[in-house]
Amino acid sequence: MNRIEKLPPAFERFDKMLGVLDFAVFENAGGTEEEVLSAVPQALRHFHRFDAGKLRSLGSRRITEKAFFGDWYDPDSGNLLRLGRYKTADGRQLTDPVLSSLDGVKIMSGGSSCPETGGQFAYAFSSPPYPLDARPGEVQAVFEEIRDFILPPHRASEILDWSDMRLPEVSDYFDDGAEWWGAFLFSVHIPSMRRLTIIAGSTTD
């Protein structure tokens, strides 16, 4: 298993817009638990402690692509959503708008709660504690490129959700996210391509 160092430009664009998710992608991967456990620390941007044994004991659960993307994503259209109720500068009331429809729209008030169920990659991608430094339409475009890279269309996938309230016991990387925003950890394996992607996220305001 070898790490792919040069990823598509969308990953760098995501970093520049201050996205908080970390990615590590590997080729020639069988998707075994041992491979995942060795790959996870390579995805973590900053940490002093990592306990693979603890992560193994916490375990994971296999989820569908729909559960992986979560509530902030419309699987039929492929659009990111911004869940919640909002009032715009021109007096409109919006409920769960499509994110890209908010280009040029000034939100005056409103908000939504943090999701508490598993999955929720779309939320973690598009709604960090501090807003992404990009237009909503640009966020959607970058999301689509990254989505189609880690989950190529018409390819079978094996998605494991390792997210757990006890992830701070695995690594101090997850301490910040455990405060309120969330601590996220996924492994995505594409058997036909022998490609493994680790996705991690943890931050606070």
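Counting in UniProt numbering, the sequence shown tops out at residue 205, every number present.
All residues carry an ideal CB built from backbone N, CA and C; glycine is no exception.
This one's a predicted model, so the numbers in the text were calculated from it and none came from an experiment.
Spatially closest choice to residue i from the options, by CA coordinates
| i | options | result |
| --- | --- | --- |
| TRP180 | ASP161, VAL142 and THR204 | THR204 |
| ALA52 | TRP162, ARG61 and LEU196 | TRP162 |
| GLN140 | PHE14, GLU5 and LYS6 | PHE14 |
| ARG135 | ARG62, GLU34, ILE146 and MET17 | MET17 |
| ASN2 | ALA29, LEU21, SER126 and VAL188 | ALA29 |
| ALA124 | ILE4, PRO8 and LEU21 | LEU21 |
| ASP164 | ARG155, ASP148, GLY119 and PHE149 | GLY119 |
Close beta carbons around residue i, own chain, < 6 Å, minus the five adjacent residues each side
| i | result |
| --- | --- |
| LEU151 | SER157 |
| ALA183 | LEU167, PHE174, GLY177 and SER202 |
| ILE159 | ILE63, PHE68 and VAL188 |
| GLY137 | SER100 and ASP103 |
The alpha helix (DSSP H) enclosing residue i, as first and last residue numbers
| i | result |
| --- | --- |
| SER109 | It is not in any alpha helix (DSSP H) - SER109 instead sits in the beta strand (DSSP E) that spans 107-111. |
| ARG13 | 9-16 |
| ARG56 | 52-58 |
Continuous beta strand (DSSP E) stretch holding residue i: start and end
| i | result |
| --- | --- |
| GLY201 | 195-202 |
| GLN93 | 93-95 |
| ALA24 | 21-27 |
| GLU158 | 158-161 |
| SER187 | 183-190 |
| TYR86 | 85-88 |
CB of residue i within 8 Å of CB of residue j, strictly
| i | j | result |
| --- | --- | --- |
| LEU185 | ALA122 | no |
| PRO191 | GLY59 | no |
| ALA10 | ILE146 | yes |
| ARG61 | GLU33 | no |
Cβ neighbours of residue i in the same chain (closer than 7 Å, five flanking residues each side left out)
| i | result |
| --- | --- |
| LEU83 | ASP71, TRP72, ASP96 and SER112 |
| PRO129 | TRP181, THR203, THR204 and ASP205 |
| ASP74 | LEU81 |
| PRO8 | GLU145 and PHE149 |
Cut-off 8 Å between Cβ atoms - residues of its own chain near residue i, not counting five sequence neighbours on either side
| i | result |
| --- | --- |
| ARG49 | SER171 and ASP172 |
| GLY110 | GLY84, ARG85, TYR86, LYS87 and LEU94 |
| SER126 | TRP72, LEU80, ARG82, LEU99, LEU132, VAL139 and PHE143 |
| residue 285 | As displayed, the chain neither begins before 1 nor continues past 205, which places residue 285 out of reach and without an answer. |
| SER77 | VAL98 |
| GLU169 | ASP51, LYS54 and LEU58 |
Are there three or more Cβ pairs, one per stretch, closer than 8 Å when the segment 98-108 is compared with the segment 26-42?
-> no
Could you say if the segment 185-200 and the segment 16-34 meet the contact criterion of at least three C-beta pairs nearer than 8 Å?
-> yes
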